[in-house]
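Engineer: For the protein sequence lines, the chains are S and C, in the order given.
Numbering of the first sequence is given in my numbering, commencing with residue 1 and proceeding in unit increments.
Numbering of the second sequence is given in my numbering, commencing with residue 1001 and proceeding in unit increments.
Even glycine gets a Cβ: it sits at the ideal position worked out from N, Cα and C.
No experiment lies behind these values; they were computed from the predicted model shown.
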Amino acid sequence: MTNEGRRSALKLIGAGIVGLAIGAAGGLTLAPEKVREITVTQTGPGGATVTVTETKTIREAPAARLPKDTIKIGLLLPKTGVWAPYAKYGEEAAIMAVEEINDTGGILGAKVQLIVRDELADVVKQARELVEAEKVDFITGVISSGNAMRLGPIMPELNRLFILAGAATHRATEELVYKQGIKHIFRLNVPVYYEGILTAWIAKDLPVKRWAGINPDYEYGRVSWDLFKTYLKKLRPDVEFVAEQWFPSPGTTDFSKYLSAVDAAGAEGLFTTAWADEAAGLHRQAAELGYYKKFKAAINPMGYTAPVFYALGRGYPQLVNGMWVGARYIWFYPPTSINKRFVDAYVKRWGRVPAYNSEYAYTSIYVIKAAIEKAGSLDLDALIEALEGMVIMSPVGVRWIRPEDHQAVHESIIGRTSDEVINIGGEIRMLTDIKAVPPLFYYRSPPDWKVPMIDR
Amino acid sequence: MDLSPILNQIITGLYRASIYWLIASGLTLIFGVLRVVNFAQATLLVLGGYMAFTFYAITGNFWISIPLSAISVGLIGLLSERLLLKPIYKVEATYQLLMTFAIALIINDLAKLTWGKLPVLVPLPDILKISVEIFGRSLILYVILIIVTGLAVYIAMALLINNTMWGLRVRATWRRPEIAESLRINTSTIYSSVFFLGCAISGMGGALMVAFSPVAPGLGDFLIVSAFIVTVIAGMGNLLGAYIASIIIGVSESLFTLYLPEIDLLLIYLIMAISLLLRPQGIFGER
């Protein structure tokens, strides 16, 4: 395809997405029910008729009564250890969603109750307890890829839906849902396609030929780096990968030896999937040791999550050809009213901007609501049928739940750090050159797991 | 062949080695004299980092926070020796090891309560960000400061132990505590002062480290393994041995990162296994 052709293809895809969005806007949106003005005629004292304009919340009559008056949702997140502060952003947003839903009439008249458990205290045991002792109707959350792969296979036995919101291994949807046919799992977040493939589109246009990786030494880091190498090589065959370094995670606080090793290999560009505190530590040390004056560019797909930009503040480094950082969802994008409402409510309630996992946790509660309302019951098969192919407007934008592998398809962005620093609950260095890449450019899709715009 | 990448990697390794040494020195000194394996040594280094964070917040001065952290960590060490270890010196050594493990856990959780779960950091002073050219590579002063501090700590400890009256008493206690006591050396005071010194050095190490790499709950558990390996390779209780072993571990870790990153994590265990097979008493151990 020529460049011209590609551009028109882009337009088409864009139009398709807008179409989806409009379609969705008419259907399901993740806003609480509208508060509408109504006129009520009352009989006043002495028999006088008074017309009063009252503000009342209007609800549609429940389409179907549920067999119970409380829907319980089990949320699994790291409550202990180094990831706990990170996971807090998710818990806060889930609490917010539950409050919003309960304040506007619940789900088909039923109240929602959230039960939070620590996924690091044996995720399988916690999930069993949630289902058997707490009698939850749904399970959501799970940030660790390892935990997602442990919990996924036992979902048929637990006989509940698992709305996965966080963990990024592509295997959860490609293998567990598509190959093994475990229909109980639905994933709301973009998997490592974002880390490994979207970033290849960015790297392709940078004046960097010699790339090196410093990645966390477990599934997430290894898979992302492999995808990045594979797809960048396809998009731009003249690049070289000169060094790859693996740091133990969680637990690494000193990155000096990895940085000097990739520098010794003559790297011009650095790719890292370090996240949370490790991302902040790596960038700070690379800047202090002077490596960010030598490297031309750096790419850190999860470098723009709230804990990282708050930790670095105005000290977030800039590189000559860009410090390219992102997150699966970034609070200022897209500029839709639903996103603005979500961000404003979050900032007001918690005093800081939401992280990407806040959006996922928040949306997961609303997705459960949408599924129940569409299915009209808590019947598992009906819920699965309701969710497959569902299109939802959410803060991150349009989400389409791909029926084959239950993977939600949504747009994510990446940008480079700019000169602008703002302050919302702490200093945030803003991004510029925002690249909003349509999912077709980086989502692998069934049945052969190719990326439509690359592997043709 | 361009040697500058290797030399640069060696310097990075020396920096790392110096951090290991600031834990291992206290560990070695305390084990040598008290025969107590102090499991809390690395936790005290991390505590030093936290203390520096607080002292920096109060004084706004990086340099003042270092001695303050060293002294306060030394005092906390002294207090735990007096209150928790002293009563159990007469029983089996295992109990003392367990007690230091308990101290590590307590400090860890108290740190979590006091400073929270997020990592904390002190900004690196501008003067330490100045880079100098060494072997054609630029190096910031901070890295040089840490390496020099490591060496200075070794020299100071060697002088203190070999050339002072206090050192003579320490050596006597180190060799034969019963005979030292019969010579009217108050071994109890020696124990406490050695414990104070060993902990203060680690506290200073933590205060220096926190300007570059943050401290967080549980970091001590991560560092203590390397420090133990250093002392085992050196031969428990040998200061020069521990200094050299720190350098061997730090530099080889760093070089392997450059040439064989895949076995980087395995490396220190490999060095330990080989050295224990060849010299079970440690490279510099006696017997």
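1. What would DSSP say about residue 1271 of chain C, mapped onto helix, strand or coil?
2. What is the rounded straight-line gap between the Cα of residue 401 of chain S and the Cα of residue 383 of chain S?
3. Any residues in the segment 268-287 of chain S with a beta carbon nearer than 7 Å to a beta carbon of chain C? Which ones, in chain order?
4. Does any CB atom of chain S fall closer than 7 Å to the CB of residue 1043 of chain C?
5. Using the C-alpha atoms, what's the distance from residue 1089 of chain C back to residue 1037 of chain C?
6. Nearest by alpha-carbon distance to residue 1017 of chain C: which of C:1191, C:1051, C:1243, C:1057 is it?
7. What are the uninterrupted segments assigned as alpha helix (DSSP H) that are 4 or more residues long and contained completely in the segment 304-392 of chain S, given in chain order?
8. Just verifying my parser: in three-state terms, what is the DSSP assignment at residue 155 of chain S?
9. How would you list, in chain order, the residues of chain S whose beta-carbon sits under 9 Å from the beta-carbon of residue 1253 of chain C?
10. Leaving out five residues on either side along the sequence, give the residues of the same chain with a beta carbon under 7 Å from the beta carbon of residue 1268 of chain C.
11. Run the CB neighbour count on residue 1183 of chain C, radius 10 Å, all protein chains shown included, and call it buried at 16 or more, exposed below.
12. In the segment 173-205 of chain S, which residue ranges form an unbroken alpha helix (DSSP H) of at least 4 residues, counting only runs that do not cross its ends?
13. Rounded to whole angstroms, what is the Cα-Cα separation between residue 83 of chain S and residue 1160 of chain C?
14. Nearest-angstrom Cα distance between residue 1166 of chain C and residue 1176 of chain C?
15. Taking buried to mean at least 16 other C-beta atoms within 10 Å of its own C-beta, is residue 320 of chain S buried or exposed?
16. Is there at least one Cβ from chain C nearer than 7 Å to residue 254 of chain S's Cβ?
17. Interface residues of chain C around residue 290 of chain S at Cβ under 7 Å?
18. Are any of the Cβ atoms in chain S nearer than 7 Å to that of residue 1012 of chain C?
19. Output needed for residue 1095 of chain C: all residues of its chain with C-beta closer than 8 Å, excluding positions within five of it in sequence on either side, in chain order.
20. What is the C-beta distance between residue 145 of chain S and residue 173 of chain S, in whole angstroms, given that I count them as a contact (C-beta under 8 Å)?
21. Look at the alpha carbon of residue 324 of chain S and the alpha carbon of residue 1195 of chain C, and state the distance between them as a whole number of angstroms.
22. Leaving out the 5 sequence neighbours to the left and right, which residues in its chain are closer than 7 Å to residue 85 of chain S when beta-carbon positions are compared?
23. In the DSSP output, which residue or residues are listed as bridge partners for residue 445 of chain S?
24. Assign residue 433 of chain S to one of three DSSP states: helix, strand, or coil.
25. Restricting to Cα atoms, I'd like to know which of S:193, S:202, S:151 is closest to residue 177 of chain S.
26. State the Cα-Cα distance for the pair residue 1147 of chain C and residue 279 of chain S, rounded to the nearest angstrom.
27. With DSSP run on the structure shown, which of helix, strand or coil describes residue 1017 of chain C?
28. Does the beta carbon of residue 1295 of chain C sit closer than 7 Å to a beta carbon anywhere in chain S?
29. Consult DSSP for residue 1241 of chain C and reduce its assignment to one of helix, strand or coil.
30. Taking the C-alpha atoms as reference points, what is the distance between residue 32 of chain S and residue 97 of chain S?
31. Between which two residues does the alpha helix (DSSP H) holding residue 93 of chain S run?
32. State yes or no: is the C-beta of residue 1122 of chain C within less than 7 Å of the C-beta of residue 1234 of chain C?
33. Where does residue 140 of chain S fall in DSSP's three states?
34. Identify each residue in the segment 1008-1040 of chain C for which the Cβ-Cβ distance to at least one residue of chain S is less than 9 Å, and report them in chain order.
35. I'd like to know if residue 1005 of chain C contacts chain S, where contact means its C-beta is closer than 7 Å to some C-beta of that chain.
36. Is the segment 329-348 of chain S touching the segment 438-446 of chain S, taking contact as three or more C-beta pairs under 8 Å?
Structural biologist: Let me spell this out:
1. As a position in the second sequence, residue 1271 of chain C is number 271, starting the count at 1. DSSP places residue 1271 of chain C in helix when its eight states are reduced to three.
2. Your numbering for residue 401 of chain S matches position 401 in the first sequence. Your numbering for residue 383 of chain S matches position 383 in the first sequence. Their Cα atoms are separated by approximately 13 Å.
3. 277, 281, 285: these are the residues of the segment 268-287 of chain S whose beta carbon lies less than 7 Å from some beta carbon of chain C, given in chain order.
4. Walking along the second sequence from the start, residue 1043 of chain C turns up at place 43. No, residue 1043 of chain C does not count as interfacial toward chain S.
5. Locating residue 1037 of chain C in the second sequence gives position 37, counting from the first residue. Locating residue 1089 of chain C in the second sequence gives position 89, counting from the first residue. Each residue's Cα considered, the two are about 12 Å apart.
6. On the second sequence, residue 1017 of chain C is found 17 positions in, with the first residue counted as 1. Answer by Cα proximity: C:1243.
7. 306-312, 337-350, 356-375, 380-387
8. As a position in the first sequence, residue 155 of chain S is number 155, starting the count at 1. Correct three-state label for residue 155 of chain S: helix.
9. As a working mapping, residue 1253 of chain C is identified with position 253 in the second sequence. Per Cβ cutoff of 9 Å: 257.
10. Position 268 of the second sequence, counting from 1, holds the residue named residue 1268 of chain C. Correct list, in chain order: 1226, 1229, 1249, 1253.
11. For the purposes of this step, residue 1183 of chain C is identified with residue 183 of the second sequence, where counting begins at 1. It is exposed - the Cβ of residue 1183 of chain C has fewer than 16 other Cβ atoms within 10 Å.
12. 199-204
13. Position 83 of the first sequence, counting from 1, holds the residue named residue 83 of chain S. Position 160 of the second sequence, counting from 1, holds the residue named residue 1160 of chain C. Roughly 44 Å separates the two Cα atoms.
14. For the purposes of this step, residue 1166 of chain C is taken as residue 166 along the second sequence, with counting starting at 1. For the purposes of this step, residue 1176 of chain C is taken as residue 176 along the second sequence, with counting starting at 1. Cα to Cα, residue 1166 of chain C sits roughly 16 Å from residue 1176 of chain C.
15. Looking up residue 320 of chain S in the first sequence gives position 320. Exposed, since its Cβ has fewer than 16 Cβ neighbours within 10 Å.
16. Here residue 254 of chain S corresponds to residue number 254 of the first sequence, with the count starting at 1. Yes, contact with chain C.
17. The residue given as residue 290 of chain S occupies position 290 in the first sequence. The answer, in chain order, is 1131, 1138, 1140.
18. Here residue 1012 of chain C is taken as the residue at index 12 of the second sequence, counted from 1. True, the Cβ-Cβ gap to chain S drops below 7 Å.
19. Numbered from its first residue, the second sequence carries residue 1095 of chain C at position 95. So the list reads 1088, once near-sequence residues are dropped.
20. In the first sequence, the residue the question calls residue 145 of chain S occupies position 145. In the first sequence, the residue the question calls residue 173 of chain S occupies position 173. With a contact defined as Cβ atoms closer than 8 Å, residue 145 of chain S and residue 173 of chain S miss out at about 12 Å.
21. Along the first sequence, read from residue 1 onward, the residue named residue 324 of chain S stands at position 324. Along the second sequence, read from residue 1 onward, the residue named residue 1195 of chain C stands at position 195. Taking the straight line from one Cα to the other gives about 49 Å.
22. Within the first sequence, residue 85 of chain S is the residue found at index 85, counting from 1. Closer than 7 Å at Cβ, skipping near neighbours: 307.
23. Position 445 of the first sequence holds residue 445 of chain S. BP columns for residue 445 of chain S point to S:450.
24. Position 433 of the first sequence, counted from the first residue, corresponds to residue 433 of chain S. Strand.
25. Here residue 177 of chain S refers to the residue found at position 177 when the first sequence is read from its first residue. The residue from S:193, S:202, S:151 with its alpha-carbon nearest to that of residue 177 of chain S is S:151.
26. On the second sequence, residue 1147 of chain C is found 147 positions in, with the first residue counted as 1. On the first sequence, residue 279 of chain S is found 279 positions in, with the first residue counted as 1. Spanning the two alpha carbons is a distance of roughly 26 Å.
27. By 1-based counting over the second sequence, the position of residue 1017 of chain C is 17. Correct three-state label for residue 1017 of chain C: helix.
28. Given that chain C is displayed from residue 1001 to residue 1287, the structure contains no residue 1295 of chain C and the question cannot be resolved.
29. As a working note, residue 1241 of chain C is residue 241 in the second sequence. Correct three-state label for residue 1241 of chain C: helix.
30. Taking the first sequence and counting its residues from 1, the one referred to as residue 32 of chain S is at position 32. Taking the first sequence and counting its residues from 1, the one referred to as residue 97 of chain S is at position 97. At residue 32 of chain S, the pLDDT of 48 sits below 50, so the modelled position is not reliable; the number obtained from the coordinates is stated separately. One C-alpha to the other measures close to 9 Å.
31. As a first step, residue 93 of chain S must be located in the first sequence, where it is residue number 93. Looking at the DSSP string, the run of the alpha helix (DSSP H) that includes residue 93 of chain S is 84-103.
32. Locating residue 1122 of chain C in the second sequence gives position 122, where the first residue counts as 1. Locating residue 1234 of chain C in the second sequence gives position 234, where the first residue counts as 1. In this structure, residue 1122 of chain C lies away from residue 1234 of chain C, with their beta-carbon atoms at least 7 Å apart.
33. Residue numbering aside, residue 140 of chain S sits at position 140 when the first sequence is read from its first letter. The answer is strand: DSSP assigns residue 140 of chain S an E or B state.
34. 1008, 1009, 1011, 1012, 1013, 1015, 1016, 1019
35. The sequence position of residue 1005 of chain C within the second sequence is 5, counting from 1. Closer than 7 Å: yes.
36. no
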